[in-house]
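Colleague: Take 11 as the starting number for the sequence shown in our numbering and just add one per residue. The C-beta atom is built at its ideal place from N, Cα and C for all residues, glycine as well. For clarity, every value in this text was computed on a predicted model and none was experimentally measured. Just passing along the structure, written as structure tokens.
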Amino acid sequence: MVQQQQGFFRWLELDWQQLSSSGDVLSRLWNDDLQGVMVHGVYQPEQLSALSRGLESHQPEFLKTWFPDVFRSWFYGRNLNLTGPDLGDYFDEAEQFYRHLQQWSPEFVDRIEQCLSALSGGLSVSAPPGPNAAQRYMFTTLRGHDPQGYIPAHCDNEFFLRPSYSHLAQLCEPHILSYVLSFAAGDAGGATEIFDFKQSLESARLISDDRYGDKPDIAQLESIKIRIPAGSMLIFDSGQYLHRLTPLEGQSRRWTACSFMAKAKQSNEIYCWG
Ligand SMILES: [Fe+2]
Numbered sequence: 011m012v013q014q015q016q017g018f019f020r021w022l023e024l025d026w027q028q029l030s031s032s033g034d035v036l037s038r039l040w041n042d043d044l045q046g047v048m049v050h051g052v053y054q055p056e057q058l059s060a061l062s063r064g065l066e067s068h069q070p071e072f073l074k075t076w077f078p079d080v081f082r083s084w085f086y087g088r089n090l091n092l093t094g095p096d097l098g099d100y101f102d103e104a105e106q107f108y109r110h111l112q113q114w115s116p117e118f119v120d121r122i123e124q125c126l127s128a129l130s131g132g133l134s135v136s137a138p139p140g141p142n143a144a145q146r147y148m149f150t151t152l153r154g155h156d157p158q159g160y161i162p163a164h165c166d167n168e169f170f171l172r173p174s175y176s177h178l179a180q181l182c183e184p185h186i187l188s189y190v191l192s193f194a195a196g197d198a199g200g201a202t203e204i205f206d207f208k209q210s211l212e213s214a215r216l217i218s219d220d221r222y223g224d225k226p227d228i229a230q231l232e233s234i235k236i237r238i239p240a241g242s243m244l245i246f247d248s249g250q251y252l253h254r255l256t257p258l259e260g261q262s263r264r265w266t267a268c269s270f271m272a273k274a275k276q277s278n279e280i281y282c283w284g
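In structure tokens:
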């Protein structure tokens with residue numbers, strides 16, 4: 011396990027085999043003692059090629075939804091931030107999405123829950139229940155980014171301001187972390203860039219909303235760019251720290267799974283959703 015500091019960014023790198031001795035790393039992220047954690051070897055190369063083939067060929071036939079067109083990116087699954095306020099068919103879609111995840115990689119959800127649980131010092135990690143006890147939110151989304159694809163700078167804590175979070179916001183603390191697990195990193199570019207700019211929970215607002223004119227000038231900010239290797243997972247305080255996906259270069263796609271995490275309000279566990 012290696013701790014390193016690059017400017018403002020203090021982060022740990024560890025291998026899958028070191029997870030059980032990692033301690034409560036997620037609390038260190040929530041407390042801003044660490045700014046990032048990279049876990050290597052979540053998937054091995056031979057597993058990655060089969061998983062990436064399934065993603066490229068859209069097998070199984072996951073629900074496909076889109077970022078705004080200019081981002082040249084899409085989801086398998088439905089991103090809660092881009093969902094209507096009443097959640098409509100969301101929970102029916104979620105059950106179908108779980109079935110497809112199971113077909114694609116039978117141990118995927120267990121594996122990620124196990125990883126995040128170890129990084130929390132042993133807490134339970136699961137998708138939050140929906141308004142009806144039998145319902146559950148989508149545990150993750152899978153994300154495809156075409157060449158030139160990108161995501162502009164934003165802070166994830168603003169998500170709780172969105173109408174689609176009205177139920178989930180009652181269950182979770184408002185400070186969000188997230189993980190990005192890479193299945194294919196693309197040829198070049200496609201880095202997760204994290205800026206030395208923190209937005210407090212109190213001042214959370216929709217930086218990604220173009221109606222706001224006073225956005226931070228990212229050209230003036232110190233940052234770290236991390237290209238997440240295939241098979242590795244980056245976890246960071248995406249809630250408070252401004253971040254973006256830099257444009258993909260070359261000819262091949264970037265494929266990831268990405269989820270948000272927050273502490274449950276009523277129990278000592280962590281909720282994880284896409
Ligand atoms: Fe984000």
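Closer than 7 Å by C-beta to Y86: which residues in its own chain qualify, once you throw out the five before and the five after it? Chain order, please.
Modeller: F72, L73, K74, T151 and L152
Colleague: In terms of DSSP beta bridges, what is L255 paired with?
Modeller: I161 and T202
Colleague: Roughly how many angstroms separate the alpha carbons of I280 and G132, rounded to a whole number?
Modeller: 10 Å
Colleague: Less than 6 Å between C-beta atoms, sequence neighbours within five positions excluded: which residues of the same chain meet that for C182?
Modeller: Counting only residues of its own chain and dropping the five nearest sequence neighbours on each side, C182 has a CB closer than 6 Å to the CB of A272 and Y281.
Colleague: What is the DSSP secondary structure of A104, counted as helix, strand or coil?
Modeller: helix
Colleague: Leaving out the 5 sequence neighbours to the left and right, which residues in its chain are closer than 8 Å to Q261 when beta-carbon positions are compared?
Modeller: Here the set comprises P157 and D197.
Colleague: Please look up how many angstroms separate the CB atoms of Y160 and I204, rounded, as I've assumed it's under 8 Å.
Modeller: No, Y160 and I204 are not in contact; Cβ-Cβ is about 15 Å, not under 8 Å.
Colleague: Taking 8 Å as the cut-off, is the CB of S262 close to at least one heavy atom of ligand 1?
Modeller: No, Cβ of S262 sits at least 8 Å from all heavy atoms of ligand 1.
Colleague: Using the Cβ count rule (16 or more neighbours within 10 Å means buried), how would you classify D322?
Modeller: Absent from the model: residue 322. The displayed extent of the chain is 11 to 284, so no value can be given.
Colleague: By the 10 Å Cβ neighbour count, where 16 or more other Cβ atoms means buried, how is Q209 classified, buried or exposed?
Modeller: buried
Colleague: For ligand 1, is there a heavy atom less than 8 Å away from the beta-carbon of I161?
Modeller: yes
Colleague: Hey, G46 and I228: beta-carbon distance below 9 Å or not?
Modeller: no
Colleague: Give the single residue among H253, L191 and S83 whose Cα lies nearest to the Cα of Q54.
Modeller: The shortest Cα separation from Q54 among H253, L191 and S83 belongs to L191.
Colleague: Is any heavy atom in ligand 1 found nearer than 8 Å to the beta carbon of H164?
Modeller: yes
Colleague: Comparing alpha-carbon positions, which option in S277, G284, S248 and S269 lies nearest W40?
Modeller: S248
Colleague: In or out: L61 buried (at least 16 other Cβ within 10 Å) or exposed?
Modeller: buried
Colleague: Have a look at L92 and G154 and give me their C-alpha separation to the nearest angstrom.
Modeller: 16 Å
Colleague: Could you name each continuous beta strand (DSSP E) segment of 3 residues or more that falls completely within the region 77-128, going from the start of the chain to the end?
Modeller: Here the runs fully enclosed are 83-86.
Colleague: Roughly how many angstroms separate the alpha carbons of D96 and E103, rounded to a whole number?
Modeller: 14 Å
Colleague: By how many angstroms is the C-alpha of V49 removed from the C-alpha of S59?
Modeller: 19 Å
Colleague: Quick one: what's M48 bridged to in DSSP?
Modeller: E23 and L244
Colleague: Let's test the definition: count the other Cβ atoms within 10 Å of the Cβ of N278 and tell me whether it reaches 16, buried, or not, exposed.
Modeller: exposed
Colleague: For the candidate residues P116, V135 and S32, whose alpha-carbon lies nearest to that of Q124?
Modeller: V135
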